Structures are given as structure tokens and as C-alpha cells.
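The next block holds one structure in the form of C-alpha cells; read it before the comments.
2 protein chains.
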Amino acid sequence: MTDAKEKALAISKEKGGKIEVNSKVEINSMEDLAIAYTPGVAAVSSAIAKNKEDVYTYTSKRNLVAVVTDGSAVLGLGNIGPEAAIPVMEGKAALFKRFADVDAVPISLNTQDVDEIVSHIQAIAPSFGGINLEDISAPRCFEIERKLKETLDIPVFHDDQHGTAIVVLAGVYNALKLAKKKISEVKVVVNGGGAAGIAISKRLLSAGVEDLLLVDKTGIVSSNDPDIEERHKEIAELTNKDQLQGGLEKAVEGADIFIGVSAPNVLKKEWIATMNDKPVIFAMANPVPEIDPEEAKAGGAFIIGTGRSDFPNQINNVLAFPGIFRGALDARAGDITDAMQIAAARGIASAIPEDELTVDNIIPNVFTPGISDIVADSVRNTVANN
Amino acid sequence: MTDAKEKALAISKEKGGKIEVNSKVEINSMEDLAIAYTPGVAAVSSAIAKNKEDVYTYTSKRNLVAVVTDGSAVLGLGNIGPEAAIPVMEGKAALFKRFADVDAVPISLNTQDVDEIVSHIQAIAPSFGGINLEDISAPRCFEIERKLKETLDIPVFHDDQHGTAIVVLAGVYNALKLAKKKISEVKVVVNGGGAAGIAISKRLLSAGVEDLLLVDKTGIVSSNDPDIEERHKEIAELTNKDQLQGGLEKAVEGADIFIGVSAPNVLKKEWIATMNDKPVIFAMANPVPEIDPEEAKAGGAFIIGTGRSDFPNQINNVLAFPGIFRGALDARAGDITDAMQIAAARGIASAIPEDELTVDNIIPNVFTPGISDIVADSVRNTVANN
Chain A
70 MTDAKEKALA ISKEKGGKIE VNSKVEINSM EDLAIAYTPG VAAVSSAIAK NKEDVYTYTS
130 KRNLVAVVTD GSAVLGLGNI GPEAAIPVME GKAALFKRFA DVDAVPISLN TQDVDEIVSH
190 IQAIAPSFGG INLEDISAPR CFEIERKLKE TLDIPVFHDD QHGTAIVVLA GVYNALKLAK
250 KKISEVKVVV NGGGAAGIAI SKRLLSAGVE DLLLVDKTGI VSSNDPDIEE RHKEIAELTN
310 KDQLQGGLEK AVEGADIFIG VSAPNVLKKE WIATMNDKPV IFAMANPVPE IDPEEAKAGG
370 AFIIGTGRSD FPNQINNVLA FPGIFRGALD ARAGDITDAM QIAAARGIAS AIPEDELTVD
430 NIIPNVFTPG ISDIVADSVR NTVANN
Chain B
70 MTDAKEKALA ISKEKGGKIE VNSKVEINSM EDLAIAYTPG VAAVSSAIAK NKEDVYTYTS
130 KRNLVAVVTD GSAVLGLGNI GPEAAIPVME GKAALFKRFA DVDAVPISLN TQDVDEIVSH
190 IQAIAPSFGG INLEDISAPR CFEIERKLKE TLDIPVFHDD QHGTAIVVLA GVYNALKLAK
250 KKISEVKVVV NGGGAAGIAI SKRLLSAGVE DLLLVDKTGI VSSNDPDIEE RHKEIAELTN
310 KDQLQGGLEK AVEGADIFIG VSAPNVLKKE WIATMNDKPV IFAMANPVPE IDPEEAKAGG
370 AFIIGTGRSD FPNQINNVLA FPGIFRGALD ARAGDITDAM QIAAARGIAS AIPEDELTVD
430 NIIPNVFTPG ISDIVADSVR NTVANN
């Protein structure tokens, strides 16, 4: 077991989890009690009963996010159930507070039925200013997110899909600045046809990528394929316009950007030589990437990013979700739209001044001071301008 | 508007509600991040996946209580809905933390259907170590509590019913010490046939009271009454053994203890003279009690308690619920039983040493240092001894 894992067990046991709920008001006298509770609280409740919108003025709803899971797809551990998912939800809540002063509560649901999950989240929604879906397996996560977005008047965001996609887009923006290429002119290969790969593909397409191949274990996804999987039908219509057939080797020929959310060591060094000039490699399989960064460099990669903190250019969703919710909550946004997510990516990219951009510095470190504020500002401005 | 109400509005607006969710772990480096989140958190999740009971060892579940309402019976404000109920739930959460270091989360549900409420609470239960029901109207609250107690393996407690009842019992214990009477020999009149009155009656009966009359607006509740309300049928079987008929005036004749959870000024001074020797009056209608304490004293009352902090002997449920949950959580109790509630009442009563008991000091002040620890110890010992 690694050091981090041993320490995580020790600290979780010692502290009894990673979060606590504190009072923001002092209660040290009968007068304090009369303000925090009855009879004072009756005035606050009455004000909201008179004008429901005042719930955002007077309560924690304006800063409170539910981090909701059903425990069906927890990290790489799979369907381990609601209890075992709690440490991840708590970790997320701790990051929300640390990076964007958002108050977040772990809610682990005791069901994996799509409609039941939707119904439970709808029921608890009055208390919360936003819903962060987490570690829910595909394709259920798509339907749950869609139904909640349609019915709730607070922002709903499935971080596993959109968080990483936003940081990838931020990396693409900065990589293209260094490579001096336009987003509308590059060819992108996304390897890995799961929820993350599909979300990344959609994010890049909506940001202006026009030539994109999604590659799954069975090869390049194509709308001509009679055996196409249900989950790939929508994305197949938007990608692979030339109906290319073949595997990853074929896909990366002439590509400008490779994005892997797949499996260890599936990208061969020799294939990089077949890519376009100044090839960009984001190899995010964890902990072992699609290609070792040193090997990718030896193969001719111009820029390399991974999911790991011990290599340059870490693609870490911690850059995105705290600031996105900070911005959405501050703007009282009813949704987290495509435009807000693209703005968040631009915000992350802009956190590195152009004169500091290098091939080893296209994605900011998560501890860059003010990074979540930059993201939040970008998101807030997008809401304000719409 | 009173000072407390104005201040409650001002502070709620300034702070955005009364609670916040904090991280108990420092996150200031990549190493910290690896412990609080991935990859470290995977070890914690794996441990719980292997042994579900470890959720109590490693997560916030062991100290986290959901304060759940549907907004149907909020304070004296009635059915004001889930959003307007949030300030009360937040106040409760603030008190939980202040008085017993319990982490509590307000959950305001967007439905008032009994089965839906039960289903939603069952669904979110994995995250929580206990459920505190709050401000749910009768008789729905009875059914919701019963169904949850039957199906959940964590403690469920409807504070509006049981919290006040426990503090009343504590007051009765100390009042009887001063009056030198036995609980099995006193006649008790409970005025007010709502959820609180029924709960107080049941608590006193289970603690050893044998002669009890419950009085509602229509008079003394009697199992012989052909027009008896559905909600009174169970309690009618346990009370009024002589099938007395009449109103409150008739009921209090010869009574040792009057307990009011009813309406202002319904108890006449002259009636106190018809009570037994050393009559005890708990007049808890708020803010105007069933009889003014000064008038009650003039009428011959031996001990007077109210719900107000500006008179002696305040019957305040803040004495009960924090310590009860502290004890139940520490003991990993699966329920909050009658025995635990009676133990809590004895604990509250014992917080005033016998040589400090006076007619104006039978119920401890909520700010008595260590009061919740005393209650928690009593509850924990009861669990340990069963």
C-alpha cells in the first residue's frame, strides 16, 4: 500500500471522516439562542414563506451543494455501494470548501434505479443551491443528469463527465497557442469510449473542433458500423465524417492531438511519428498512462499531459468543479450550460500568462493562488452576459 | 418586531444562513491532496467495501445527523413549505454542534406524502448516523417515524414529540423530589391533545405515571366517547381509567401536576386551589403560557415551569436532543428507545444536585456546562446495559 493510502486510512479513522458541519453563529447566551433558534428564527422563516426567493438571501442554500452518488462507479473500484462511496464524496466536499469556499454535503443514495435517484434528488433539492453528481455509472448517469437538468431550477453537474472534459479543453487551448494551430483546423483522437471519452469529445466539438475520432476497444467509432453500441450512436453522428475504419494506430495517423482516457500503454511510440507536426498527447489513464511521458517525448511528442501530479501538465478536475460551482452559485444560475463550461476552460487556460506558457506548463497547478476565482469569474460573466 | 427577530434576519442575511461545512483535513500540497482525495481515498473506500461496518470507523457517518422536515408544521407558522423551514433546520443544526459536537445537515423535502417522505429518508440514510425529524405535522409524523424506525438501522427521533416530553419528565422527576411524592401515586393532567400532548402523556405513562388525563378542546379524552378522534384512540386506552367526563376545570380537581401544551390563559387561578397539595404547573404555551407564572403562584402553585427563558424552570428541548443523539451515536445504537429517553430525562434531572434543588430550580439551564455530556452518558449507559 502506498504512503498516501496508509495516511488516508489513518487520518480518516482518527478524525472520523473528513468533514464537519459548523455553526456560523455564536450561541453562548439566552439572547444568542433566541436569535439562532426560536423565537428569532420565526421571522426568517416568515420572510421566506412570504417570498420564496428569499431562501437565497437568508439561508445556507445559497452556498450548499449536495455531492450525490449511488456508489455504482466509484473511482476505479466499480460498484461498491453507497457506504463505501462516502470517503470519495467527503473528499470532494473537502475540496469544494478548500478551493472555492463552497459548503458541500455527501449524499450516498441507497438505490441504483434511475427514476428513484432522480426522485430522491428532486425531493432534497429545496435545501441545496446545486447538485454535483459523482461516481454514477454510465449510461445511467446521462439519463439522471438529463432528467434533473430538465426539472430542477438549480445547477446540476456530473463532474466525472464534465470536469475532466473542461480541463482537457483548457489544455487544448494552451497547447494550440504554443503549436500555433487553430481549434477548427486540428484533428483530435479521443481514445476510450466510456462516459469520460464521450464527454470530452462533446466538449471539444462544442468548443469548435471539427475533425474528431472517438476510438473504443473495438476500433474507431463510426455511424456506419452495424454493431455500434447504443451509447455511441449520438457521438458517431458528430465524429468520423470520413467513416474511417480501423484501430487506434490508424486513427492517430495525421492527428494533431491524442487524448487517452483508456488503458495503460496502449499508445505506441512509433505511432507518434505518424501524427501531424507538433503532436499533443494527453495520456490520462491512471495510475499508468497510455504512454510513458518519457517515451512519448522520445517518440516526438511536442506536449505531454497526464492525470498524474508527478509529471508536468496534470489534467486535474480540481481545477474546474470548485470554481464552476462558485461562479454558478454566485450568479444564481439555474443550470451549468455549455457556454459556462467553455468559459471555465478559457478561465483555467488564462491562469497561465502567455509569456509563461511552455510545453511543460500549459495547465496551471491546482494550488495556483486564486485559480478558482478566475474560473468562477469566467462562469459568472458568462451568466451575466446571457 | 422583537429585537431577536430583527437580529435573526440581519445575521442570516449577512452570513447566508447559520451553518457551513468544513474540511477537517488540511489540503495545502499535492501530498495532502493525495491523502484527502485520490489515490489515498481509494484505500478507505476499499476497506468499507470489504467490511460495511467500517463506514463508522472511517467516515463522517458516525457523527452526522440529517435534520429532516417537509415544512408542514413549522413552529407556530404552520404549513409554510420546505424552503421557509430551512432557517429552523439550520438553527437546529447549529444547536447540535454547539451543545453536543454533532454534525447536522438540514434536509427540507419537497413532498408532504408520507410514503414518499419515508422513501426519501431511507434513500439518503447511508450517509447519516441518525435522523432527526422536525416540524412535520400530526398525524403524518407518527406514521413516518414508525415506518422509519421499523426499517432503518440508525436512530430516528422526532424531536417535536419526544424532546419536550423528555424535558417534562426531567422536570417531573425533580418536582416530585421536592414535593416528596412518588411518580406512581400522582395524578397528572395533560392539556392539549396534539402531537406534543400525546407524546408527553406516553412518556409519563412509560416512566411510571398511572393516573393521567389528557384534555383536548372537546374535554377529557375518554375511550367511551363515541366521537373520539382517531389520533386519541390509543392514548384513551391508557388514560382516564374512571372514564371521567368534563373539561379542564373538572380534570384538574385533585391533580398533582398540570402540563399545558395548549393555548394562552386557559388555566384559571381558582382551579389551582382545587388541585392536590403542592401542585406543579408546567404551562408551556408559547409565548403566552396557559397561566401567568405570577398568577399561578398567587393561586397556590408549588412549582411553575414554562417554555420561556425569562421565568424560572424553562422546559427547553435543547436540554435533550443534542445529548440524546451524542449518546446514541457514540453507542452506535440502532434506535432511540423508551429506556434511552427515560435515561435522558433522569440525566437532565440529575444535573441539578439534590442540595441545589429549589422550587425555582428544578430544570437545569441549557448553558449548564457539561449538560449534554450528562445526558449522553445516561443514554450510552442504557445502551451498554441492554
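Just so you know, the sequences run in chain order A and B.
Numbered by my numbering, the letters in the first sequence go through residues 70 to 455 in order.
Numbered by my numbering, the letters in the second sequence go through residues 70 to 455 in order.
Every residue, glycine too, gets a C-beta built ideally from N, C-alpha and C.
Remember, predicted model here, so these are calculated numbers, not experimental data.
Drop a sphere of 10 angstroms on the beta-carbon of residue i, count the other beta-carbons inside from all chains shown, and report buried for 16 or more, exposed for fewer.
i: asparagine 97 of chain B; result: exposed
i: serine 253 of chain A; result: exposed
i: glycine 323 of chain A; result: exposed
i: glutamine 383 of chain A; result: buried
i: lysine 310 of chain A; result: exposed
i: glutamate 159 of chain B; result: buried
i: asparagine 260 of chain B; result: buried
i: aspartate 101 of chain B; result: buried
Whole angstroms is fine: what's the gap from residue i's alpha carbon to residue j's?
i: leucine 146 of chain B; j: glutamate 152 of chain B; result: 13 angstroms
i: tyrosine 242 of chain B; j: threonine 180 of chain A; result: 45 angstroms
i: phenylalanine 380 of chain B; j: isoleucine 205 of chain A; result: 54 angstroms
i: proline 461 of chain A; j: threonine 107 of chain B; result: This structure cannot speak to residue 461 of chain A, because chain A is shown only from 70 to 455.
i: alanine 105 of chain B; j: leucine 247 of chain B; result: 55 angstroms
i: glycine 369 of chain A; j: glycine 240 of chain A; result: 19 angstroms
i: lysine 347 of chain B; j: glutamate 89 of chain B; result: 48 angstroms
i: alanine 305 of chain A; j: aspartate 446 of chain A; result: 34 angstroms
i: asparagine 293 of chain A; j: glutamine 312 of chain A; result: 7 angstroms
i: glycine 86 of chain A; j: alanine 276 of chain B; result: 38 angstroms
i: alanine 418 of chain B; j: aspartate 172 of chain A; result: 38 angstroms
i: valine 187 of chain B; j: alanine 111 of chain A; result: 26 angstroms
i: glycine 232 of chain A; j: glutamine 410 of chain A; result: 9 angstroms
i: isoleucine 421 of chain A; j: methionine 99 of chain B; result: 19 angstroms
i: alanine 402 of chain A; j: valine 452 of chain A; result: 7 angstroms
i: lysine 216 of chain A; j: glutamate 185 of chain A; result: 12 angstroms
Look at residue i and residue j and say whether their C-beta atoms are less than 8 angstroms apart.
i: aspartate 325 of chain B; j: valine 237 of chain B; result: no
i: tyrosine 125 of chain A; j: valine 113 of chain A; result: no
i: alanine 207 of chain A; j: arginine 272 of chain A; result: no
i: valine 290 of chain B; j: leucine 281 of chain B; result: no
i: glycine 396 of chain B; j: valine 357 of chain B; result: no
i: proline 265 of chain B; j: valine 321 of chain B; result: In the sequence on display, residue 265 of chain B carries alanine and not proline. No; because the gap between Cβ atoms is not below 8 angstroms, this pair is not in contact.
i: leucine 202 of chain B; j: phenylalanine 226 of chain B; result: yes
i: serine 141 of chain B; j: isoleucine 155 of chain B; result: no
i: alanine 413 of chain B; j: alanine 389 of chain B; result: yes
i: leucine 133 of chain B; j: serine 81 of chain B; result: no
i: arginine 372 of chain B; j: isoleucine 431 of chain B; result: Before going on, a small fix: residue 372 of chain B reads as isoleucine here, not arginine. Yes. Within cutoff.
i: isoleucine 360 of chain B; j: asparagine 385 of chain B; result: no
List the residues of chain A whose Cβ lies closer than 9 angstroms to the Cβ of residue i, in chain order.
i: asparagine 91 of chain B; result: Ile88, Glu89, Val90, Asn91, Ala163, Lys166, Asp172
i: valine 157 of chain B; result: Tyr106, Thr107, Val110, Ala111, Val113, Ser114
By the three-class DSSP mapping on this structure, what secondary structure does residue i have?
i: threonine 375 of chain A; result: strand
i: proline 156 of chain A; result: helix
i: proline 151 of chain A; result: helix
i: serine 249 of chain A; result: It should be pointed out that residue 249 of chain A corresponds to lysine in this sequence rather than to serine. Three-state DSSP puts lysine 249 of chain A in coil, outside helix and strand.
i: glutamine 383 of chain B; result: strand
i: serine 92 of chain A; result: strand
i: lysine 256 of chain B; result: strand
i: glycine 199 of chain B; result: strand
i: isoleucine 289 of chain B; result: strand
i: alanine 111 of chain B; result: helix
i: valine 357 of chain B; result: coil
i: phenylalanine 436 of chain B; result: coil
i: alanine 173 of chain A; result: strand
i: alanine 332 of chain B; result: coil
i: alanine 352 of chain A; result: strand
Closer than 7 angstroms to a non-hydrogen atom of the ligand ATP - does that hold for the CB of residue i?
i: aspartate 429 of chain A; result: Summarising the ligand content, the structure contains no ligands, and the ligand ATP is consequently not present.
I want to verify the contact list: residues of chain B whose CB lies under 7 angstroms from the CB of residue i, in sequence order.
i: arginine 300 of chain A; result: None at all; the shortest Cβ gap to chain B is about 25 angstroms.
i: threonine 437 of chain A; result: Those do not exist, as threonine 437 of chain A stays about 12 angstroms from chain B at its closest Cβ, beyond 7 angstroms.
i: asparagine 132 of chain A; result: Gly85
i: glutamate 152 of chain A; result: Ile117, Lys121, Val124, Pro195
i: leucine 146 of chain A; result: Ala111, Ser114, Ser115, Ala118
i: valine 143 of chain A; result: Ser114
Could you list which residues in chain A have their beta carbon closer than 8 angstroms to that of residue i, in chain order?
i: asparagine 179 of chain B; result: Gln191, Ala192, Ile193, Ala194, Pro195
i: glycine 232 of chain B; result: Result: empty, since nearest Cβ-Cβ is about 12 angstroms, beyond 8 angstroms.
Counting only C-beta atoms, is residue i closer than 8 angstroms to chain E at any point?
i: methionine 409 of chain A; result: Absent here is chain E; the protein component of the structure consists of chains A and B.
Residue i versus chain A: which residues are under 7 angstroms apart at the beta carbon?
i: methionine 99 of chain B; result: Ser378
Taking C-beta pairs closer than 9 angstroms, name the residues in chain B that residue i reaches, listed in chain order.
i: proline 356 of chain A; result: Pro108
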